[in-house]
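Note that full-length UniProt numbering numbers the sequence shown so that position 187 is 187, with each residue one more than the last. Notes for the one structure printed next.
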Amino acid sequence: MYLRFKICRWLDSDEFKRISGLASYIGRHEGCSWFEINTHYFNIDRLLDTIDMLRSYGAEFDEKSLQIINKLVEESSTVELHVSRQGFVIKSRRLLSDYLAVFRSKGLVKYSKGLRGFVVKPYAIIDVVERLRHEGFNIRDYSGLLSPSRYTITFTGKLRDYQEEAINAWIKNNYKGVIALPTGSGKTIVALAAMAKLAVPTLIVVYTREQLVEWIDKVERFTSLDKSSVGAFYSEEKSIKPITVATYHSAFRNVDVLFDKFSLLIVDEAHHLPADKFRAIAESILAPYRLGLSATPYREDGRHEELFQLIGGIVYERSLNDLLSAGYIASFEIVPVFVQLSREELDEYRKLKKRYIVLARGRRIEELVKAASVGDESARQALQLLARMRRILALSKSKIEEARRIIETELARGSKIIVFTQYVDQAQAIGKELGIPVVTGKTEKTKRKIIFELYKHDRFKAIVLTTVGDEGIDIPNANVGIVLSGTSSRRQFIQRLGRLLRPKPGKAAKLYYIAVKGTQEEATLKRLLQAI
């Protein structure tokens, strides 16, 4: 392909030599010098630079050449967006390396010879596209995910002021980011309203089957969508619809099926996402738009930084006290209750503690874990002793006796009670002794559903939960909690408190925390209270 042009002013010898090095001289006609460029010898970037340089010398291209140049300019300013199992793939006739240098240095973009384009991680595609558009490129979306066909959806609920603020902050951040609100503040409602704003195919990832059922119910209650538009993706049921709700485990195991079906990814209980296997959901699902929900996005292991990268950082956050002062959550009281170990328990505890001190040699728990992971036998034994010490504290008989007293008192007041434990055997012991239904991770699915339904409808006034109750189970009418045992995790403490804070006129929540006096449990409680 050739481009012909003329220069009608006189060229000095240096100018003529410079132009002749780029184009073949044809001759003079009607007082103008004519040249011809063989485009075969130029890549698109060099060709466009050459055309600009020639025009600075006064070059005028003939009509046919102008048509070719205009087409080249249009094609060169277009970036094509495709999908692959590796991520988004961007292709262009122009050299994009310089434009993508910052993203490549962060490991967000890499060139693939096999795909003949740059592979972009899903959670970075919006930023990459925004940068290319800023540089004057047009984006041709062959993926169908960045600008998909929208469907009609209306949010039928009513938003509180902070919920509207949260959605606006998310929109302002290019429809990406984590919204951090306390349990009981309506995070699900926020997500449904945000989903309606964007109105694109959406995958909602939740932690438990109970949450999956609750989400589907709320999609139908608070939007204009009916059952035919909402799919459940878990276990034996795997239905993909415009709105699809999946459990973490099902989404992780089926990313090959789900990866290119959705434009919006909503992640409930998003603090779980950085876990080694679950992060594959965010890295493999190509959805460019992302919303994370969590009451406790910050992790003790520091991996919340990974969460922020995968979803888009915290865009909105309100604390328990913020919403309490505004009247959006129930008022609450945390009641420390201290008990003593029995003589036998205390003797065993002191014996273990003495051996622990010798083996730990003043090392912090984090240091012991690290040392044990590389084969330090004394560190491994110290951690085993620590676990046994914690179990003695957690399972103290005095705790069950104190829990009985509190439960009997609160039932007489008409309270709805949740007893939180860390250990299955402790849950079963108190459930058997007081005739209270128990739900653990091993409770059969149908039985678990029945227990929760009967509890919600006041057929049961008290229920015992192990760590299965730490994630978003919707039990809105509970007003009293009793912590018998748990971890030192601030997240677990906040989530357990949050189970009691669903607002209701005149409601005042109370969380009893039973700890063994003079032990690490007392110190842990003081630290947790300071974190509220």
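Built from N, CA and C at the ideal position, the CB exists for glycine as well. All values reported here derive from a predicted model rather than from experimental measurement.
Residue range of the alpha helix (DSSP H) that includes residue i
i	result
Ala-382	377-394
Tyr-248	248-253
Thr-202	No alpha helix (DSSP H) contains Thr-202, which is instead part of the beta strand (DSSP E) from 202-206.
Ser-235	From DSSP, Ser-235 is part of no alpha helix (DSSP H); its letter is neither H nor E.
Arg-221	209-222
Gly-498	490-498
Ile-281	279-284
Ala-403	397-412
Cβ-Cβ distance between residue i and residue j below 8 Å
i	j	result
Gly-184	Leu-511	no
Phe-420	Leu-359	no
Ala-193	Gln-163	yes
Leu-383	Val-369	yes
Ala-427	Val-464	yes
Tyr-289	Leu-264	yes
Phe-252	Thr-244	no
Leu-528	Pro-336	no
residue 533	Leu-66	Look at the range of the chain in this structure, 1 to 532, and you will see that residue 533 is not part of it.
Ser-342	Lys-397	yes
Ile-266	Ala-371	no
Asn-174	Ile-126	yes
Ile-451	Ala-403	no
Run of the beta strand (DSSP E) containing residue i, from where it starts to where it stops
i	result
Val-424	Per DSSP, Val-424 belongs to no beta strand (DSSP E); it is in the alpha helix (DSSP H), 424-434.
Ile-514	508-516
Phe-452	Note, Phe-452: premise wrong, no beta strand (DSSP E); alpha helix (DSSP H) at 445-456.
Arg-140	138-141
Phe-420	417-420
Identity of the residue in the options nearest residue i by Cα
i	options	result
Thr-39	Ser-24, Arg-28, Glu-30	Ser-24
Glu-210	Val-480, Asn-70, Leu-359, Lys-449	Lys-449
Tyr-99	Glu-80, His-134, Glu-401, Leu-115	His-134
Phe-262	Pro-274, Arg-253, Ala-246	Ala-246
Asp-268	Trp-215, Leu-368, Glu-345	Trp-215
Glu-75	Ser-342, Glu-237, Arg-93, Ala-372	Arg-93
Asp-276	Ile-243, Phe-222, His-249	His-249
Ser-33	Asp-14, Phe-5, Ser-284	Phe-5
Val-205	Arg-404, Val-213, Leu-145	Val-213
residue 534	Lys-121, Arg-9, Gly-375, Asp-12	One cannot answer for residue 534 here, as it falls past the ends of the chain, which runs 1 to 532.
Leu-273	Leu-341, His-304, Val-255, Ile-243	His-304
Ala-124	Ile-285, Leu-411, Arg-318, Lys-461	Ile-285
residue 541	Arg-404, Val-335, Thr-208, Lys-172	Look at the range of the chain in this structure, 1 to 532, and you will see that residue 541 is not part of it.
Val-516	Ile-417, Arg-28, Asp-425, Gln-340	Gln-340
Tyr-423	Arg-350, Ile-417, Ile-400, Ser-415	Ile-400
Asn-168	Tyr-316, Arg-355, Ile-418, Thr-50	Tyr-316
The ligand GDP heavy atom lying under 7 Å from the CB of residue i
i	result
Glu-135	As far as ligands go, the structure on display features none, and thus does not contain the ligand GDP.
Whole beta strand (DSSP E) elements within the segment 143-194, 3-residue minimum = Listed in chain order, the complete beta strand (DSSP E) runs (minimum 3 residues) inside the segment 143-194 are 178-180.
message = Would the segment 105-120 count as touching the segment 39-48 if we require 3 or more Cβ pairs under 8 Å?
response = No, the segment 105-120 does not touch the segment 39-48.
ask   = Would you call the segment 52-64 and the segment 14-33 touching, i.e. three or more CB-CB distances under 8 Å?
value = Yes, the segment 52-64 is in contact with the segment 14-33.
message = Assess contact between the segment 175-189 and the segment 286-294, defined as three or more Cβ pairs (one per stretch) separated by less than 8 Å. Is contact present?
response = They touch, by the three-pair rule.
task = Enumerate, from N- to C-terminal direction, the unbroken beta strand (DSSP E) stretches of 3 or more residues contained entirely within the segment 22-102.
result = Counting only runs of 3 or more, we get 24-29, 32-38, 78-84, 87-91.
message = Does the contact criterion of 3 or more C-beta pairs under 8 Å hold for the segment 140-152 versus the segment 109-118?
response = Touching, no, given that fewer than three Cβ pairs across the two stretches are closer than 8 Å.
inquiry  = Give the list of continuous beta strand (DSSP E) stretches no shorter than 3 residues that lie fully inside the segment 305-374.
reply    = As far as the segment 305-374 is concerned, its whole beta strand (DSSP E) runs of at least 3 residues are 314-317, 331-339.
key: the segment 219-227 in contact with the segment 326-338 per 3-pair CB rule at 8 Å   = No, the segment 219-227 is not in contact with the segment 326-338.
inquiry  = Closer than 8 Å is the cut-off here; do at least three beta carbon pairs connect the segment 76-91 with the segment 117-137?
reply    = Segments in contact, yes.
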